[in-house]
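Peer 1: Be aware that the sequence shown starts at 1, since it is given in this note's numbering, and climbs by one per residue.
For glycine and all other residues, C-beta sits at the position ideal for the given N, C-alpha and C.
None of the values given here were measured: they were computed from a predicted structure.
This structure is in structure tokens; I'll ask about it shortly.
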Amino acid sequence: MDDPICPLCDRPIPPQAKQSLHHLVPKLKSGKGGPVVLLHQICHSKIHATFSETELAREYKTVEALLMDARIAKFVKWVSKRPPTFHSKTPGLRRKQ
């Protein structure tokens, strides 16, 4: 069976890679039970370091919308050149609600 593909960076997510589920609408903003996508942990961390929960709920509730942001696009261009198991700490603090 093939590894799932991260919808943000388009790299495979092997079982040994750090990974997590991202709620497209944050749980705190009525997204509990809503759609989720499996991402590399580094991709998930970048999303939450870039946007507040309110921004995610209002403007970035699809992968396509996330990819339209210049900061995410720059990150994706950089991380897509790394191996699928690559992980590092995401600079910056997690954004507030």
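1. Since Leu8 and Leu66 should fall inside the 8 Å C-beta cutoff, what is the C-beta to C-beta distance between them, to a whole number of angstroms?
2. Rounded to the nearest angstrom, what separates Ser52 and His23 at their Cα positions?
3. Look at Ser80 and Ile42 and say whether their C-beta atoms are less than 8 Å apart.
4. Here's the rule: buried if 16 or more other CB atoms are within 10 angstroms of the residue's CB, otherwise exposed. What is Lys77?
5. Based on the DSSP output, what are the partners of Ile5 in its beta bridges?
6. Reducing DSSP to helix, strand and coil, say where Ser30 ends up.
7. Thinking C-alpha only, which one of Pro84, Asp69, His40 and Thr62 is nearest Thr50?
Peer 2: According to the structure data:
1. 7 Å
2. 13 Å
3. no
4. exposed
5. Pro12
6. coil
7. Asp69
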